[in-house]
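Have a look at the structure below, then the notes.
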Amino acid sequence: MKKNASIEEIFESENLDVNAIVVTGIPERHVEAIKAIAKLMVATDYHNPNFKPDFTNYDQYKYSPIAEMGSPSGVGFSYDYCDDWHSLSFVGSRLVSESREVAKRVFDNHEDLYKAFMVYEREVK
1 MKKNASIEEI FESENLDVNA IVVTGIPERH VEAIKAIAKL MVATDYHNPN FKPDFTNYDQ
61 YKYSPIAEMG SPSGVGFSYD YCDDWHSLSF VGSRLVSESR EVAKRVFDNH EDLYKAFMVY
121 EREVK
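Residue numbering for the sequence shown follows this note's numbering, starting at 1 and increasing by one per position.
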């Protein structure tokens with residue numbers, strides 16, 4: 001099990017600079033969300049170093065955290081539970097973990113990144 005680490009430490013462990021992510025070709029309002037997803041993909045790999053999801057293996061469990069919007073914690077966005085799945089996917093395949101505990105750890109350590117890509121306050125014109 002890998003230790004908890006900041007997103008900067010995780011990127012440094014792969015000789016990457018977290019501030020070097022560049023996103024072009026999309027509206028500016030979506031850039032930070034795409035950067036957050038990229039960071040979460042690297043963090044998920046870091047926390048699951050020996051897990052290779054096999055999407056043809058219906059017996060292999062894969063876990064993704066589920067957030068609750070407007071939670072009683074007062075923050076409006078918090079970990080609710082873990083979804084496990086087999087062949088039918090309700091979650092992004094790049095963000096799956098080998099166990100509920102690892103999925104929760106990824107969420108707890110990087111909740112700000114989940115919120116950055118999952119919460120979108122669209123402006124209505």
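Using N, Cα and C, we set each Cβ at its ideal position, and we do this for glycine too.
Beta-bridge pairing of residue i - partner residues as DSSP gives them
i, result
"Ser97", "Tyr63"
Close beta carbons around residue i, own chain, < 6 Å, minus the five adjacent residues each side
i, result
"Glu32", "Ala116"
"Ile34", "Val23"
Cα-Cα separation between residue i and residue j, rounded to whole angstroms
i, j, result
"Glu98", "Glu121", "32 Å"
"Tyr46", "Ile10", "7 Å"
"Pro53", "Val102", "14 Å"
"Thr44", "Glu123", "31 Å"
Among the options, the one whose alpha carbon lies nearest that of residue i
i, options, result
"Leu95", "Met41, Glu28, Glu8 and Lys3", "Met41"
"Phe55", "Ile7, Lys104, Ser93 and Asn4", "Ser93"
May I ask you to verify whether the region 53-68 touches the region 9-22, counting CB pairs closer than 8 Å and requiring at least 3? no
Pairing CB atoms from the region 106-114 with CB atoms from the region 20-29, are three or more of them under 8 Å? Pairwise C-beta distances place the region 106-114 out of contact with the region 20-29, as fewer than three of them are shorter than 8 Å.
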